[in-house]
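Chemist: Sharing a structure here in structure tokens format.
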Amino acid sequence: MNQGAGKEDSGASAAAPTDFWAVIPAGGAGTRLWPLSRASSPKFLHDLTGRGRSLLQATADRLEPLCGPRLVVVTGVAHQEAVAAQLPQLSGQGPGMLLAEPSPRDSMAAIGWAAAVIERHDPDAVIGSFAADHVVGAEQDFREAVKEAVAVARTGQVVTIGIRPAFPSSGFGYIHEGQRLDVPGAPHARRVQAFVEKPDGPTARAYLETGQYRWNAGMFVVKASVLLDVLGTYHPLLADSLRAIAADPDSLTQRWPELTKIAIDHAVAEPAAADGRVAVIRGDFPWDDVGDFHSLPDLLPPQAYVDGRGHRVGQPREDEGERSVAVLGEVGQVLARDASGFVATTGDRLVAVLGIEDVVVVDTPDALLVTTRERAQQVKSLVDALKSSGRVDLT
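One point on numbering: in our numbering, the residue at position 95 of the sequence shown is 121, and numbering is uninterrupted.
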């Protein structure tokens, strides 16, 4: 997780933009968080931070001061009912819409469809796309960065928000910053030289030494019409099809399977950056993509930690031989002795851990995972093995 400090207060915050619509693509299965996250109930529908709101709800809460009722969520038909239950403000008409994809076609189709629908409601709208399953701290700093991005987007550019790297990660793509841009209301705007794929360790360290690289968190802010026009430059058939679906919703079932399956990074961000059409706003707020069980304990509140006697300790403790275990779920259902790590419990039975360091235990009614934080990124291989063996009921 990026633990970067927030920007210093530079005075009164600018008012929320009235032309801004928030788009939340809510897809994926989060297989590295199995068995909590499943294809039928992916991670964005779960409270993984112990604060009483799912990742999806927390994302909507974070954006509401910026967009008001102008929120569009794009999800799969399998999750439409669950999303509607969690976000009842999505009425399906006008501001506050829930769009259900017939099948996954990657992020460009999802975001582009939302842009085409919004364009018909508000031809001058600026949209911001933010994943449903990320965690953001210092939320006011986040919103100030989005406001800067909106100011730049109004000039006709594609804008992304680059996260200040907390360490040389080989698990994220990077944004190579270029020259400063002179845009009123956006003092932290720079040109994007290039988007860079996930590097190896030495390359990531070299990036950080230059001070010119940011993590790519997949946050994009752009006028809806500009996004579709830029997409039309590189993938004209896809842009035309998305606008056609927005114009005739009854054609969705027929047209959707024919759409090119491609990520927005490859479809728009990378080629547009090469053509000098992309800007980046520096984001210095804490951010995490909740990718696996290694990082999840760091997102839990202090009261989620228990010591070796099962008492709440208020914060992680590893000093003076004292260990602690982070708990997602009912703390009273976990008994820890001389152990450290993470336990997630969703049932009524007691989970006991004894004499194990950096353990990960995830207890659900039909599956139990036991691993270590070091091996957490490999959980996806278990899901692949289950699929290969025909146990899709557990995936």
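Virtual Cβ for every residue (Gly too), placed ideally from N, Cα, C.
I need the straight-line Cα distance from F156 to A232, nearest angstrom please.
Modeler: Taking the sequence shown and counting its residues from 1, one reaches residue 156 at position 130. Taking the sequence shown and counting its residues from 1, one reaches residue 232 at position 206. F156 and A232: Cα-Cα distance of roughly 28 Å.
Chemist: When the distance is taken between beta carbons, is V294 closer than 8 Å to R216?
Modeler: Residue numbering aside, residue 216 sits at position 190 when the sequence shown is read from its first letter. Residue numbering aside, residue 294 sits at position 268 when the sequence shown is read from its first letter. Cβ distance not < 8 Å, so R216 and V294 don't count as in contact.
Chemist: Quick one: using the 10 Å Cβ neighbour count with 16 as the cut-off for buried, is D392 buried or exposed?
Modeler: The residue given as residue 392 occupies position 366 in the sequence shown. Under this definition D392 is an exposed residue.
Chemist: Could you give the distance in angstroms between the alpha-carbon of C93 and the alpha-carbon of V176?
Modeler: Locating residue 93 in the sequence shown gives position 67, where the first residue counts as 1. Locating residue 176 in the sequence shown gives position 150, where the first residue counts as 1. Spanning the two alpha carbons is a distance of roughly 11 Å.
Chemist: Does the distance between the C-beta of V49 and the nearest non-hydrogen atom of the ligand ATP fall short of 7 Å?
Modeler: Annotation note on the ligand ATP: not contained in the displayed structure, which lists no ligands.
Chemist: Look up A110 in the DSSP assignment and say whether it is helix, strand or coil.
Modeler: As a working note, residue 110 is residue 84 in the sequence shown. Three-state result, A110: helix.
Chemist: In chain order, what residues of the same chain have a beta carbon less than 8 Å from the beta carbon of G347, not counting five sequence neighbours either side?
Modeler: On the sequence shown, residue 347 is found 321 positions in, with the first residue counted as 1. Note that G347 scores 45 on pLDDT, short of 50, meaning its location in the model is unreliable; the coordinates nonetheless yield the value given after this. So no residue of the chain qualifies.
Chemist: Taking the Cβ atom as the reference point for each residue, do L395 and P61 lie within a distance shorter than 8 Å?
Modeler: If you number the sequence shown from 1, residue 395 lands on position 369. If you number the sequence shown from 1, residue 61 lands on position 35. Yes, they are a contact pair.
Chemist: How would you call A212, buried or exposed, if buried means at least 16 neighbouring beta carbons within 10 angstroms?
Modeler: In the sequence shown, counting from the first residue as 1, residue 212 sits at position 186. Flag for A212 reads buried.
Chemist: Can you round the beta-carbon distance between D73 and S80 to whole angstroms, since I take them to be within the 8 Å contact cut?
Modeler: By 1-based counting over the sequence shown, the position of residue 73 is 47. By 1-based counting over the sequence shown, the position of residue 80 is 54. Indeed they touch by this definition, with Cβ atoms about 5 Å apart.
Chemist: Going by DSSP, which residues form a beta bridge with S195?
Modeler: The residue labelled residue 195 in the question sits at position 169 within the sequence shown. BP columns for S195 are empty, so no partner.
Chemist: Would a C-beta distance cut-off of 8 Å place E356 and T371 closer than the cut-off?
Modeler: In the sequence shown, residue 356 corresponds to position 330, counting from 1. In the sequence shown, residue 371 corresponds to position 345, counting from 1. Result yes, Cβ atoms of E356 and T371 sit closer than 8 Å.
Chemist: Could you work out which residue in R399, F70, Q205 is closest to A52 when comparing CA atoms only?
Modeler: Here residue 52 is taken as the residue at index 26 of the sequence shown, counted from 1. Looking at the Cα atoms, F70 is the closest of the given residues.
Chemist: Helix, strand or coil for A42, going by three-state DSSP, please let me know.
Modeler: On the sequence shown, residue 42 is found 16 positions in, with the first residue counted as 1. If DSSP states are grouped into helix, strand and coil, A42 belongs with coil.
Chemist: Spatial neighbours of D410 within its chain, please: C-beta separation below 6 Å, excluding the five flanking residues on both sides.
Modeler: If you number the sequence shown from 1, residue 410 lands on position 384. For D410, where only same-chain residues beyond five positions count, there are no Cβ hits under 6 Å.
Chemist: Could you have a look at G138 and say whether DSSP puts it in helix, strand or coil?
Modeler: By one-based count along the sequence shown, residue 138 stands at place 112. In the structure shown, G138 sits in a helix (DSSP, three-state: H, G or I).
Chemist: Suppose you measure from the CA of G32 to the CA of L234; what does that come to, to the nearest Å?
Modeler: What you label residue 32 is simply residue 6 of the sequence shown in a count that begins at 1. What you label residue 234 is simply residue 208 of the sequence shown in a count that begins at 1. Any reading at G32 must be qualified, since the residue scores a pLDDT of 38, below 50, and its modelled position is unreliable; no value is offered.
Chemist: What are the boundary residues of the beta strand (DSSP E) that F368 is part of?
Modeler: The residue you call residue 368 lines up with position 342 of the sequence shown. Residues 367-371.
Chemist: Taking the beta strand (DSSP E) that L97 falls in, what are its first and last residues?
Modeler: Residue mapping note: residue 97 aligns to position 71 of the sequence shown, counting from 1. It spans 97-102 - the beta strand (DSSP E) in which L97 sits, taken as one unbroken run.
Chemist: Taking buried to mean at least 16 other C-beta atoms within 10 Å of its own C-beta, is A273 buried or exposed?
Modeler: Here residue 273 is taken as the residue at index 247 of the sequence shown, counted from 1. Burial call: exposed.
Chemist: Could you please give the first and the last residue of the uninterrupted beta strand (DSSP E) stretch that includes F221?
Modeler: Residue 221 sits at position 195 when you count from the first residue of the sequence shown. Segment 215-222, the beta strand (DSSP E) holding F221.
Chemist: Run through the DSSP bridge pairs and tell me what G154 is partnered with.
Modeler: On the sequence shown, residue 154 is found 128 positions in, with the first residue counted as 1. Paired residue(s): A48, V247.
Chemist: So is P323 buried or exposed if we call it buried at 16+ other beta carbons inside 10 Å?
Modeler: Counting from 1 along the sequence shown, the entry for residue 323 is found at position 297. P323 comes out buried.
Chemist: In terms of residues, what are the limits of the beta strand (DSSP E) holding V185?
Modeler: By one-based count along the sequence shown, residue 185 stands at place 159. From DSSP, the beta strand (DSSP E) with V185 extends over 184-189.
Chemist: Compare the Cα-Cα distances from F319 to each of A220, A243, K406 and report the closest residue.
Modeler: Counting from one through the sequence shown, the residue named residue 319 turns up at place 293. Closest by alpha carbon: K406.
Chemist: Return the bridge partner residues of A378 from the DSSP annotation.
Modeler: As a first step, residue 378 is located in the sequence shown; it is residue number 352 there, counting from the start. A378 is bridged to L361.
Chemist: Could you check what DSSP says for H202 in three-state terms: helix, strand or coil?
Modeler: Residue numbering aside, residue 202 sits at position 176 when the sequence shown is read from its first letter. Three-state DSSP puts H202 in a strand.
Chemist: With distances taken between CB atoms, is the gap from V247 to G154 smaller than 8 Å?
Modeler: Counting from one through the sequence shown, the residue named residue 247 turns up at place 221. Counting from one through the sequence shown, the residue named residue 154 turns up at place 128. Cβ distance < 8 Å, so V247 and G154 count as in contact.
Chemist: So does the stretch 260-272 actually touch the stretch 106-119, counting three or more Cβ pairs closer than 8 Å?
Modeler: Judged by Cβ distances under 8 Å, the stretch 260-272 makes no contact with the stretch 106-119, as fewer than three pairs qualify.
Chemist: Runs of 3 residues minimum, wholly inside the stretch 261-320: which ones carry the beta strand (DSSP E) assignment?
Modeler: If we require 3 residues or more, the beta strand (DSSP E) runs fully inside the stretch 261-320 come out as 304-309.
Chemist: What does the alpha-carbon distance come out to for the pair T101 and V387?
Modeler: One-based indexing of the sequence shown puts residue 101 at position 75. One-based indexing of the sequence shown puts residue 387 at position 361. Whole-angstrom Cα-Cα distance: 29 Å.
Chemist: Going by Cα to Cα distance, which pick from K413, A179, D291, D389 is closest to F46?
Modeler: By 1-based counting over the sequence shown, the position of residue 46 is 20. Nearest option by C-alpha distance: A179.
Chemist: I need the DSSP call for V209, collapsed to helix, strand or coil.
Modeler: Translated into positions along the sequence shown, residue 209 becomes position 183. V209 falls in the coil class under three-state DSSP.
Chemist: Quick one: residues in its chain with C-beta nearer than 6 Å to the C-beta of T57, no 5 flanking neighbours on either side, listed in chain order?
Modeler: Walking along the sequence shown from the start, residue 57 turns up at place 31. So the qualifying residues of the chain are K406, V409.
Chemist: Got a sec, what are the start and stop residues for the beta strand (DSSP E) L125 sits in?
Modeler: As a first step, residue 125 is located in the sequence shown; it is residue number 99 there, counting from the start. Note, L125: beta strand (DSSP E), 123-127.
Chemist: Taking 6 Å as the limit between beta carbons, can you name the residues of its chain near L89, skipping five residues before and five after?
Modeler: Position 63 of the sequence shown, counted from the start, is the residue given in the question as residue 89. Closer than 6 Å at Cβ, skipping near neighbours: A48.
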